[in-house]
Each structure stands twice: as C-alpha cells, then as structure tokens.
Amino acid sequence: MKVLFNSEILEKSEVTIDMEDRGYQFGDGVYEVVNVYNGIAFTLVEHVDRLYRSAEEIRLNIPIEREEVKQLIVRLINENSVKNGSIYLQITRGVAPRKHQYDSKIKPLLIAYPLPFSDVSDVQQQGVKAITAEDLRWLRCDIKSLNLLYNIMIKQEAHEQGAYEAILLRDGQVTEGSSSNIFIVKDDTIYTHPANNYILNGITRIKLLQLFHQKEWKIKEQPVSKQFLLNADEVFLTSTTNEVVPITMIDEVKINDGKPGSFTRKIQQAFTELVKEEIRG
Ligand code: PLP
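When we follow the numbering used here, the leftmost residue of the sequence shown carries the number 67, and every step to the right adds one.
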C-alpha cells in the first residue's frame with residue numbers, strides 16, 4: 067500500500083510514526099474520509115475545505131497548499147489503483163516533547179492512505195437498528211477532531227446491543243449519530259439538526275440539503291425530540307461511507323412499519339444519481 071506522508075508518496079513499510087507525535091498522545095489533529103467512486107474522489111474540494119476549516123479552528127497551520135493536497139490525494143488514489151473505496155486523511159500537530167501547550171513552530175504531519183472497501187449495500191437495502199444515547203461529547207462537534215472517545219464508546223455500545231448506530235440526544239433533542247448525520251421524515255417534511263457546534267456538518271448532509279432545495283422538498287433544519295423521532299414516518303442516517311441508510315428500528319421501537327420508507331428510497335436514488343453526475347464531471 068502507498069501512503070501519503072506530507073508531500074511524499076511512500077510504501078507503507080517506509081512510514082514510521084514518532085511516539086511523541088501529538089496526534090498519538092493527545093489526539094491533537096483533524097481528519098477526513100473521502101469516498102472514491104470509479105477511481106474518482108467524490109466531493110474532494112468540500113472535504114479538503116473542511117479539513118482546512120477544522121485545522122484553522124484548532125490553530126493548526128497546514129503547511130501544504132489546498133491545491134497540492136488535492137493533487138496528492140488524486141495521485142495516491144492512482145498509485146494505489148483505488149477503484150471504489152475511500153481515503154483516510156489526517157493531519158496532526160506534529161512531534162514535540164509531551165506537554166499540553168505547544169510551540170507554533172512544530173511541523174504538522176499529513177498522512178493519507180486508502181481504507182479497505184466496505185460494502186454497505188445490504189444495510190442500505192434492508193435498513194438498520196439504532197439505539198439512542200445521551201450526547202456527552204464536547205461542544206465543538208463541528209470540528210472533525212481525532213478525539214473520538216465518546217463516539218467510539220457509544221458506537222461500541224450500539225454494536226454490542228446489535229444496533230448499527232447510536233443516535234445522540236442533547237437536552238432531549240436529536241443532534242446526530244455517533245458517526246453520521248440523522249434525518250427524520252414526518253408529514254412530507256425532512257427534519258435535521260442545524261449545522262452548529264453540536265454536530266459535524268457532514269458533506270453528505272450538505273449535498274443532500276442542496277438536492278432537497280433543488281427538488282423543492284420541505285426541509286426544516288431544527289432539532290427534534292426523542293418522542294418525535296420515535297413517531298417519525300421515516301428516519302435515515304447519512305455519511306460518506308454509508309451514503310443514505312434507512313433506520314427502521316430505534317430502541318426496539320419500529321419506525322412506522324419497520325421497513326425502509328418510500329421517501330428514503332427516493333433519496334437514496336437521488337444520491338446515487340448525484341454521485342454519477344459529479345464523477346462524470
Ligand atoms: N457526524 C459525525 C459525528 C461523523 O463522524 C460523520 C462522518 O464520519 C458525519 C456526521 C457524516 O459526515 P460526512 O457526510 O462528511 O461523512
């Protein structure tokens with residue numbers, strides 16, 4: 067496997083990570099996951115822009131120009147012959163003796179490599195179970211931080227309960243999933259949490275909202291309660307690697323008749339069309 071290591075593309079065996087990298091010791095860094103369809107990175111511009119935004123928010127200066135990062139990702143995809151899959155991309159603040167405060171002169175480390183292809187066609191087709199859980203994360207969920215401790219704790223909890231995702235509730239209102247955005251359909255209106263510091267503004271979320279506006283579907287970017295969620299007509303989650311996945315049962319309560327709904331199907335189809343159009347260029 068070829069790995070992007072700052073501006074170089076190396077064999078994985080040539081890459082070593084210093085134990086004093088602040089990403090390793092503090093989770094001091096930010097990341098992205100970009101999907102690749104037919105050898106083409108989908109919404110690469112949006113992902114690279116979000117990487118720079120997250121980095122700016124934690125005052126990490128990425129020493130490579132945006133344009134160059136995009137070109138390097140394209141090279142990485144080509145050199146690994148990735149056809150369908152995804153690219154993991156992270157930047158950490160760099161290596162320094164362990165202390166919380168940092169010297170702004172330390173050199174950040176950019177790493178990217180392909181993730182193994184994960185087939186989500188079954189879950190997209192059949193729908194999944196979710197649990198609800200209290201959102202105990204920090205208040206800057208808009209930053210795509212490497213610190214994912216609560217996300218992984220609660221995803222593991224969901225997994226051990228036979229569920230695919232944990233839907234998080236802050237003060238009784240749905241924020242997002244542990245690694246996805248959540249959409250709720252009720253009476254032909256699509257609800258999702260507004261993009262503020264309580265959620266990560268997913269690229270899939272952004273693309274879908276643009277699509278809903280174009281189609282003049284009714285959208286409300288507002289939080290909803292757990293009761294509203296459980297009484298929804300349809301619920302679905304979105305993320306780069308999952309695209310659009312129906313949620314058919316939450317906390318052992320069936321959503322509607324417990325089958326993927328027709329609106330979600332329409333949205334899945336529309337998303338597939340959108341991907342086709344974008345990768346055609
Ligand atoms: N929210 C969280 C907490 C996530 O981790 C993710 C993706 O990993 C998303 C939302 C969806 O974001 P995107 O559509 O950009 O993948």
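Using N, Cα and C, we set each Cβ at its ideal position, and we do this for glycine too.
Assignment of L117 by DSSP, reduced to helix, strand and coil, places it in the helix class. Placement of the Cβ of E242 at a distance of less than 7 Å from at least one heavy atom of the ligand PLP is found. Beta-carbon to beta-carbon, N247 and T258 are separated by about 6 Å, close enough to satisfy the 8 Å threshold. In the same chain as F329, and ignoring 5 residues on each side of it, the C-beta atoms closer than 6 Å to its own belong to V251, E300, in chain order.
Within the region 239-314, the complete beta strand (DSSP E) segments of 3 residues or longer fall at 239-243, 247-252, 255-258, 284-287, 300-305, listed in chain order.
Taking the CA atoms as reference points, V161 sits about 31 Å from V102. Taking 8 Å as the upper bound for CB-CB distance, V310 and F302 are in contact here, some 6 Å apart. Straight across, the Cα-Cα distance linking K68 with W283 is about 43 Å.
For the 8 Å CB-CB criterion, I316 and L340 do not form a contact.
In the structure shown, T338 falls within a helical segment according to DSSP collapsed to helix, strand and coil. Counting the other Cβ atoms within 10 Å of the Cβ of S120 gives 16 or more, which makes it buried.
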